[in-house]
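Enquirer: Numbering (full-length UniProt numbering), first residue to last: 1 to 218. Glycine is no exception: its CB is placed at the ideal position from the N, C-alpha and C atoms. Here the structure is a predicted model, which means the values were calculated and not measured. A single structure is presented below for examination.
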Ligand SMILES: [Zn+2]
């Protein structure tokens, strides 16, 4: 009986990292934009309250998203990282402590990227391939020799400085086109609620939500 318990706990650990990523190598990736597919992405989490609420809503809507997480917050909320992985979301790096990489020395920038990768890999068992540089600033060659793919965005509703959920959602819905990457932040309840409005409307219009990886490499 004891050995079964041990085996089960190992299985949970492995299943937490089942989402296998393929490594890529390109700084400018051009992807198909003719199908009604979009990737919804969330930066700056995970947050114990708002990210959990978001994950519940994504699950109910059968939507897979991409999370660019901060390493130190991932360390504080490993169960949320595990849940993202188990529920089919893609997890990317948003540095260890949300720094502007191009303002640091090459070695400091690299250790920020590597520290966040290490935290995520420790929890999920998977290599991290995608990086969203905070403030969109990163010099791939100078800042860190690690082979990561930087992911920016097409639609930015500036949700971090707004409190009107309907306005955030309307802004996204006005701009969005097939093939777009939408930027939101899962540390604000208003952003999470806006995401649900956007998802419900775009699904009604026939859009499919995919991870960034599926959008770029499908
Ligand atoms: Zn950020």
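1) Anything with a beta carbon under 6 Å from a heavy atom of ligand 1 counts; list them all in chain order.
2) Who are the Cβ neighbours of residue 238 in its own chain at under 8 Å, not counting the five residues just before and after it?
3) Please list the segments of the beta strand (DSSP E) lying wholly inside the region 50–96, counting only runs of 3 or more residues, in order along the chain.
4) Check for me: the alpha helix (DSSP H) holding residue 114 runs from which residue to which?
5) Please report the distance separating the alpha-carbon of residue 83 from that of residue 29.
6) Tell me the DSSP bridge mates of residue 43?
7) Determine the DSSP secondary structure at residue 203, reduced to helix, strand or coil.
8) Return the bridge partner residues of residue 208 from the DSSP annotation.
9) Measure the C-alpha to C-alpha separation of residue 218 and residue 163 and round it to an integer number of angstroms.
10) How is the alpha helix (DSSP H) around residue 166 delimited, first residue to last?
11) Relative to the C-alpha of residue 45, which candidate in 125, 199, 189 has its C-alpha closest?
12) Alpha carbon to alpha carbon, how far is residue 56 from residue 198? Give it in angstroms, no decimals.
13) Where does residue 73 land, buried or exposed, given buried means 16+ other C-beta within 10 angstroms?
14) Short of 6 Å in beta carbon distance, which residues of its chain neighbour residue 207, apart from the five on each side in sequence? Order them along the chain.
15) For residue 150, which beta-bridge partners are listed by DSSP?
16) Would you kindly work out how many angstroms separate the C-alpha atoms of residue 67 and residue 183, rounded to a whole number?
17) Please state the DSSP three-state secondary structure of residue 99.
18) Under the three-state reduction of DSSP, which class applies to residue 198: helix, strand or coil?
Expert: On the basis of the data shown:
1) The set, ordered by position in the chain, is 43, 44, 94, 98, 134.
2) Within the shown structure, residues of the chain are numbered from 1 to 218, placing residue 238 beyond reach of any answer.
3) Complete beta strand (DSSP E) runs here, min 3: 66–69, 90–93.
4) For this step, residue 114 is matched to residue 114 along the chain shown. First-last of the alpha helix (DSSP H) with residue 114: 106–124.
5) Stepping through the chain shown from its first residue, residue 83 is reached at position 83. Stepping through the chain shown from its first residue, residue 29 is reached at position 29. Taking the straight line joining both Cα atoms gives about 29 Å.
6) Within the chain shown, the letter at position 43 stands for residue 43. Note: residue 43 sits in a beta bridge opposite 68, 185.
7) As a working note, residue 203 is residue 203 in the chain shown. Looking at residue 203 - three-state DSSP - the assignment turns out to be helix.
8) Reading the chain shown from its first residue, position 208 is the one you call residue 208. DSSP lists 37 as partners of residue 208.
9) To locate residue 218, count along the chain shown from 1; it is residue 218. To locate residue 163, count along the chain shown from 1; it is residue 163. Take the alpha-carbon of residue 218 and the one of residue 163: they are about 35 Å apart.
10) If you number the chain shown from 1, residue 166 lands on position 166. Residues 165–175.
11) Here residue 45 refers to the residue found at position 45 of the chain shown. Scanning 125, 199, 189 for the CA closest to the CA of residue 45 turns up 189.
12) Here residue 198 refers to the residue found at position 198 when the chain shown is read from its first residue. Here residue 56 refers to the residue found at position 56 when the chain shown is read from its first residue. Residue 198 and residue 56 have their C-alpha atoms roughly 16 Å apart.
13) In the chain shown, the residue the question calls residue 73 occupies position 73. Around the beta-carbon of residue 73, 16 or more other beta-carbon atoms lie within 10 Å, marking it buried.
14) In the chain shown, counting from the first residue as 1, residue 207 sits at position 207. Result list for residue 207: 36, 38, in chain order.
15) The sequence position of residue 150 within the chain shown is 150, counting from 1. By DSSP's assignment, residue 150 forms a beta bridge with 131.
16) The residue given as residue 67 occupies position 67 in the chain shown. The residue given as residue 183 occupies position 183 in the chain shown. Residue 67 and residue 183: Cα-Cα distance of roughly 10 Å.
17) Stepping through the chain shown from its first residue, residue 99 is reached at position 99. Coil.
18) Start at 1 with the first residue of the chain shown, and residue 198 comes out as number 198. Residue state, collapsed to three classes: helix.
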